Amino acid sequence: TVGAVAVDIEGNVASATSTGGILNKMEGRVGDTPVIGSGGYADNEIGAVSTTGHGEAIMKTTLARLILFHMEQGQSVEAASDLGLAYMKSRVDGLGGVVTVDPQGHWAARFSSLQMSWAAAQKNTLHYGLYTGEHFTQSI
Amino acid sequence: MLPVVVVHGGAGHIPKERSEKSTTGVCSAVRAGYAVLQGGGSSMDAVVEAVTQLENNPSFNAGCGSVLNIKGEVEMDAMVMDGKTLASGAVSIVRNIANPIQLARLVMDKTSHVCLAGEGANQFARSMGVPEVPLESLITDYSRMRWKKNLEPGANPVECQMGKMG
Chain Y
4 TVGAVAVDIE
14 GNVASATSTG
24 GILNKMEGRV
34 GDTPVIGSGG
44 YADNEIGAVS
54 TTGHGEAIMK
64 TTLARLILFH
74 MEQGQSVEAA
84 SDLGLAYMKS
94 RVDGLGGVVT
104 VDPQGHWAAR
114 FSSLQMSWAA
124 AQKNTLHYGL
134 YTGEHFTQSI
Chain B
2 MLPVVVVHGG
12 AGHIPKERSE
22 KSTTGVCSAV
32 RAGYAVLQGG
42 GSSMDAVVEA
52 VTQLENNPSF
62 NAGCGSVLNI
72 KGEVEMDAMV
82 MDGKTLASGA
92 VSIVRNIANP
102 IQLARLVMDK
112 TSHVCLAGEG
122 ANQFARSMGV
132 PEVPLESLIT
142 DYSRMRWKKN
152 LEPGANPVEC
162 QMGKMG
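Taken in order, these protein sequences are the chains called Y and B. If you read the first sequence in the working numbering, its first letter stands for residue 4, the second for the next number, and so on. If you read the second sequence in the working numbering, its first letter stands for residue 2, the second for the next number, and so on.
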C-alpha cells in the first residue's frame, strides 16, 4: 500500500491511498483503502490521514477517522496517530502505519509494524525513515 | 509551517535487499508532490502526483508491483479525499489500470458517487478515456514469486506481508 497527505499554501488538506491489497487474497476481497475513514480521511477543520497495514483491522477501527477524532479532542498529530495505532493493536490485534497532517502543516509518520518507508517535504527539507525512530534529513 | 507533503509505503516487513529501493522511492515521490505545491498546485494535486509516482514504482504494492490474488491476478483499490469540501472518490477491485489513484480522482471530479467497483470501475475508466494496460505490465517477478510461495500448504500470506510487531 502507498499513500500521501498534504497541506497547500491555502491550508487545504488532502489524502490519497492506493493498494494492490493483500498477498493471495480471495478474489473480490476489499480492504480498507477505498473505504472513507479507514484507508484515509481529509477535513480542513481537523487534518488528513492515509493508512496502511492490516486492512480488516483498520476497517474495524476506522483508523483514519479515529486519529482525526483524537486530534479534534486536542491531541497533536503524533500523539493522535499513536493513540489510533495503539487502539487498533489492543482491540483487534492489528498492525499498521499512518501519515498525518493538520491544517497548520504539523505532520507525523507513525507505525506499529516493524517497518514503514516514509518521507516528508517541508521548508525545502526532505525527511525520511524506515525503522522505528529513524529520522534522516537532507536539503531539497 | 505550511506547505507539506508526507508519503508512505506499506507497513510491515521489508526485506533488506528491497529496503533501499523503498526508501529511495518514497523520497522521490515526496519530492514530486512537493514540487507541485511549490508550483502553486493544490494539496489534492500534490497527493495524486506523489501516489502516481509510487504506483509507477515496482518496489511498492500498488499499480505496477501490486501483489497477486489467489488466482494470480491483480485487483487494485484507491481513494482520494479533499479536505476543503469532503469530496471523495474511490475505485475498488479495478483491473488493468496503471494508475488507480487517478481513476479515483475522476470518480470524485466527474460523478456524483463516492466509489465504483469491479467491472463498473473499468467501464467508467473507458468512458473517461483512461487506457487499459495488459495485466502482465502490472506484475513483477517479485510479486509472482511471493504468490507462488504463498500457494504452498501452510503458507500464511498475512504474516508474510506484515511481518512481526516492531
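All C-beta atoms, glycine included, are put in the ideal place defined by N, C-alpha and C. Owing to the predicted nature of the structure, the values given are computational and were not obtained by experimental measurement.
Reduced DSSP category for residue i - H, G, I as helix; E, B as strand; rest coil
{"i": "residue 58 of chain Y", "result": "helix"}
{"i": "residue 90 of chain B", "result": "strand"}
{"i": "residue 64 of chain Y", "result": "helix"}
{"i": "residue 146 of chain Y", "result": "Past the boundaries of the shown model lies residue 146 of chain Y; chain Y is included only from 4 to 143, so the question cannot be answered."}
{"i": "residue 167 of chain B", "result": "Here residue 167 of chain B scores only 38 on pLDDT, less than 50, and its place in the model should not be relied on; the value that follows carries that caveat. Of the three classes helix, strand and coil, the one that applies to residue 167 of chain B here is coil, per DSSP."}
{"i": "residue 118 of chain Y", "result": "strand"}
{"i": "residue 25 of chain Y", "result": "coil"}
{"i": "residue 32 of chain Y", "result": "coil"}
{"i": "residue 36 of chain B", "result": "helix"}
{"i": "residue 71 of chain B", "result": "coil"}
{"i": "residue 131 of chain B", "result": "coil"}
{"i": "residue 16 of chain Y", "result": "strand"}
{"i": "residue 39 of chain Y", "result": "strand"}
{"i": "residue 72 of chain Y", "result": "helix"}
{"i": "residue 84 of chain B", "result": "coil"}
{"i": "residue 1 of chain B", "result": "In this structure chain B extends from 2 to 167, so residue 1 of chain B is not present and cannot be described."}
Sub-8 Å separation of residue i and residue j beta-carbons
{"i": "residue 76 of chain B", "j": "residue 98 of chain B", "result": "no"}
{"i": "residue 99 of chain Y", "j": "residue 116 of chain Y", "result": "yes"}
{"i": "residue 10 of chain Y", "j": "residue 5 of chain B", "result": "yes"}
{"i": "residue 55 of chain B", "j": "residue 5 of chain Y", "result": "yes"}
{"i": "residue 42 of chain Y", "j": "residue 20 of chain Y", "result": "yes"}
{"i": "residue 158 of chain B", "j": "residue 25 of chain Y", "result": "yes"}
{"i": "residue 37 of chain B", "j": "residue 123 of chain Y", "result": "no"}
{"i": "residue 133 of chain Y", "j": "residue 20 of chain B", "result": "yes"}
{"i": "residue 47 of chain Y", "j": "residue 106 of chain Y", "result": "yes"}
{"i": "residue 68 of chain Y", "j": "residue 88 of chain Y", "result": "no"}
{"i": "residue 134 of chain B", "j": "residue 117 of chain B", "result": "no"}
Contacts around residue i, its chain only, beta-carbon distance under 8 Å, and the 5 residues preceding and following it disregarded
{"i": "residue 24 of chain B", "result": "none"}
{"i": "residue 70 of chain B", "result": "76"}
{"i": "residue 128 of chain Y", "result": "140, 141, 142, 143"}
Residue range of the unbroken alpha helix (DSSP H) whose run includes residue i
{"i": "residue 109 of chain Y", "result": "Taken as a continuous stretch (DSSP letters only), residue 109 of chain Y belongs to no alpha helix (DSSP H), as it is neither H nor E."}
{"i": "residue 83 of chain Y", "result": "80-95"}
{"i": "residue 108 of chain B", "result": "101-111"}
{"i": "residue 146 of chain B", "result": "142-150"}
Proximal residues to residue i (C-beta, below 7 Å), its chain only, five neighbours per side dropped
{"i": "residue 73 of chain B", "result": "148"}
{"i": "residue 45 of chain Y", "result": "16, 17, 18, 51"}
{"i": "residue 38 of chain Y", "result": "62"}
{"i": "residue 31 of chain Y", "result": "none"}
Beta-carbon proximity list for residue i, same chain, < 6 Å, skipping 5 on both sides
{"i": "residue 109 of chain Y", "result": "80"}
{"i": "residue 97 of chain Y", "result": "57, 60, 91"}
{"i": "residue 10 of chain B", "result": "23, 27, 61"}
{"i": "residue 144 of chain B", "result": "68, 69"}
{"i": "residue 82 of chain B", "result": "89"}
{"i": "residue 45 of chain B", "result": "83"}
{"i": "residue 167 of chain B", "result": "At residue 167 of chain B the pLDDT is 38, less than 50, meaning the model places this residue with poor confidence; the figure from the coordinates comes in the next sentence. Within the same chain, residue 167 of chain B has no close Cβ partners at all."}
N-terminal and C-terminal residue of the beta strand (DSSP E) that residue i is part of
{"i": "residue 139 of chain Y", "result": "139-142"}
{"i": "residue 65 of chain B", "result": "Segment: none, residue 65 of chain B is in no beta strand (DSSP E) and carries neither H nor E."}
{"i": "residue 11 of chain B", "result": "5-13"}
{"i": "residue 45 of chain B", "result": "That residue, residue 45 of chain B, is in no beta strand (DSSP E); its alpha helix (DSSP H) goes 44-56."}
{"i": "residue 8 of chain Y", "result": "5-10"}
Bridge-paired residues (DSSP) for residue i
{"i": "residue 50 of chain Y", "result": "Y/46"}
{"i": "residue 116 of chain B", "result": "B/91"}
{"i": "residue 134 of chain Y", "result": "Y/118"}
{"i": "residue 79 of chain B", "result": "Y/21, B/92"}
{"i": "residue 113 of chain Y", "result": "Y/101"}
{"i": "residue 123 of chain Y", "result": "Y/130, B/7"}
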